[in-house]
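Comments concern the structure below.
In the working numbering, the protein residues as written are 633 to 1158.
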């Protein structure tokens, strides 16, 4: 296939993505499931070219921006508050699943060396950040539960990749030193965080001096790639480096980025993440053709592949529940002595966390990177694809009904609404004080009486609304519906002037941008 043909095929995939996204919304399916099914359907067509994925290229192209975006928009306070639980999931669950899958793989295929079995365990052990984020955005879960799942998905890739590296080295060389592996794991993790911190703060220093929104947004994309590639070249965790950089930029964006940069950056990252996630899941589906091609000469598929894969996938899913319920039991015991430091276990939340372990890009890339000469490589490839297919389709599709059945809702919503009301009042008070100070003249008169009246009115309305929100909500809706009607009328008027040749393009864009911001603000209050 020529380069032009590849580009044309990529454009075709974008068209398929639009159709699948629309279909997923109409059928209430998780988009990731629709994309994988669509890619799988394309892979089964005889005219579809066989797709060969370079695992290193997949990791470098897709992982850094997706990790950066997830870290950037992480709820920092929730992340820090639940860091202990996140680390227990990211490290403990991944390690336990690797060991459990390794043991079962050895029992299912006794001819495989132990090191290869644990390599297989490391491949399928880490849930995927992309799949987790795609699933979480459709659900309204308690803040702690969302923070744990998204935080785990940010950090467990580092654990899985390090375990994979050590297990693969042992499989190829026959040598393994547990103490050296623990030391190397700590070095890789700390080194990744350190490089991410250096690039994060250094990038922030540069961004403060760029000012232009286009340059700032471009710099964030480069920082994501630089963190991952730089850390990887220094043989430390590129995942942790990228996540650390993203957390630093996300924490400081509110003070160091202009309003224009934040608005445009949000739009840019939203579209970019959508495209990367969509293409990634389509490519995962398309990779089925290569897996099927490798299996053409395999005899007795039932005993050589089907039964071992079923045993491995069952262990992968069950071991996550075993770890989570075990951690709940330990937490329940510790809570008796330190009730303030350990939250009470919740059975519905634990079930949802256990059922949220979708696999994705890291699992596929790790499997594809296995050397051709490694024993059990075909089994590992099939297990990786089956793990992604089963978890995204089965767990991804049934997660939302499971949440409804268990009646797990966002209990923090009322508290968040109260905090929001207080914040609106405090903001209105601060604005009024600033206007009063700017308006007051030495002789006691007011320089901006109408502006002062406007901000006093705004504070009064905000206080009334915060005091009795249900009573004022219908009035608020009517108010902003009138505002939107005024915006539509203004937009129609300037467009009419523009089409009559009485308004320059530059003036139209400026006025349209102002109306867009007003419309966004008004729609956000409905």
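Built from N, CA and C at the ideal position, the CB exists for glycine as well.
Contact between the segment 971-986 and the segment 954-961 is established, with three or more Cβ pairs separated by less than 8 Å.
In the pairwise beta carbon analysis, the segment 845-860 is classified as touching the segment 696-705: at least three pairs are separated by under 8 Å.
Cβ contact annotation for residue 879 (same chain, cutoff 6 Å, sequence separation greater than five): 703, in chain order.
In the DSSP annotation of this structure, residue 974 is not part of any alpha helix (DSSP H), being labelled neither H nor E.
Counting only runs of at least 3 residues, the segment 681-765 fully encloses no beta strand (DSSP E) element at all.
Separation of the CB atoms of residue 919 and residue 796 is rounded to 18 Å, and the pair is thereby denied contact status at 8 Å.
Closest in C-alpha terms to residue 747, from the list 964, 949, 1081 and 798, comes 798. In the three-state reduction of the DSSP assignment, residue 1072 falls in the strand class, which pools E and B. Following the DSSP letters along the chain, one finds residue 805 inside the alpha helix (DSSP H) bounded by residues 775-805. Counted as a single uninterrupted DSSP element, the alpha helix (DSSP H) harbouring residue 985 occupies residues 979-986. DSSP places residue 1085 inside the alpha helix (DSSP H), whose first and last residues are 1081-1099. Annotation: the continuous alpha helix (DSSP H) that includes residue 1017 extends over 1009-1022.
For residue 994 against residue 760, the beta-carbon gap comes to about 6 Å, under 8 Å, which counts as contact.
Secondary-structure assignment with DSSP links residue 1078 through a beta bridge to 1072. For residue 1099 and residue 1081, the gap between their C-alpha atoms comes out near 27 Å. When the five nearest sequence neighbours on each side are left out, the beta carbons in the same chain lying within less than 8 Å of the beta carbon of residue 645 are those of 911 and 914, in order along the chain. In this structure residue 951 touches residue 732 by the C-beta definition: roughly 4 Å separates them, less than 8 Å.
Between the C-alpha atoms of residue 659 and residue 666 there is a straight-line separation of about 10 Å.
Following the DSSP letters along the chain, one finds residue 886 inside the alpha helix (DSSP H) bounded by residues 870-888. A distance below 7 Å between beta-carbons, with the five flanking residues on each side excluded, links residue 1088 to the following residues of its chain, in chain order: 1064. Between the alpha carbons of residue 831 and residue 785 lies a distance of about 22 Å. Between residue 1084 and residue 1067, the gap from beta carbon to beta carbon is short of 8 Å. Between the C-alpha atoms of residue 803 and residue 1006 there is a straight-line separation of about 8 Å. Residue 1133 carries a coil assignment under DSSP once its states are collapsed to helix, strand and coil. Of the candidates 833, 827 and 794, 794 places its Cα closest to the Cα of residue 816.
In the DSSP assignment, residue 640 falls within the alpha helix (DSSP H) that extends over 635-659.
In terms of Cα proximity to residue 1004, the closest of 717, 800, 1079 and 989 is 800. In the structure shown, residue 948 falls within a helical segment according to DSSP collapsed to helix, strand and coil. Measuring C-alpha to C-alpha distances from residue 681 to each of 1070, 953, 1139 and 917 identifies 917 as the nearest.
For residue 960, the three-state secondary structure derived from DSSP is helix.
DSSP, reduced to helix, strand and coil, places residue 1104 within a helical segment of the structure shown. 663 is the residue among 969, 663 and 635 whose C-alpha sits nearest the C-alpha of residue 648.
With contacts defined by Cβ atoms closer than 8 Å, residue 806 and residue 711 do not form a contacting pair. Of the residues 755, 642 and 750, the one whose Cα lies closest to the Cα of residue 997 is 755. For residue 859, the enclosing alpha helix (DSSP H) has its first and last residue at 845-865.
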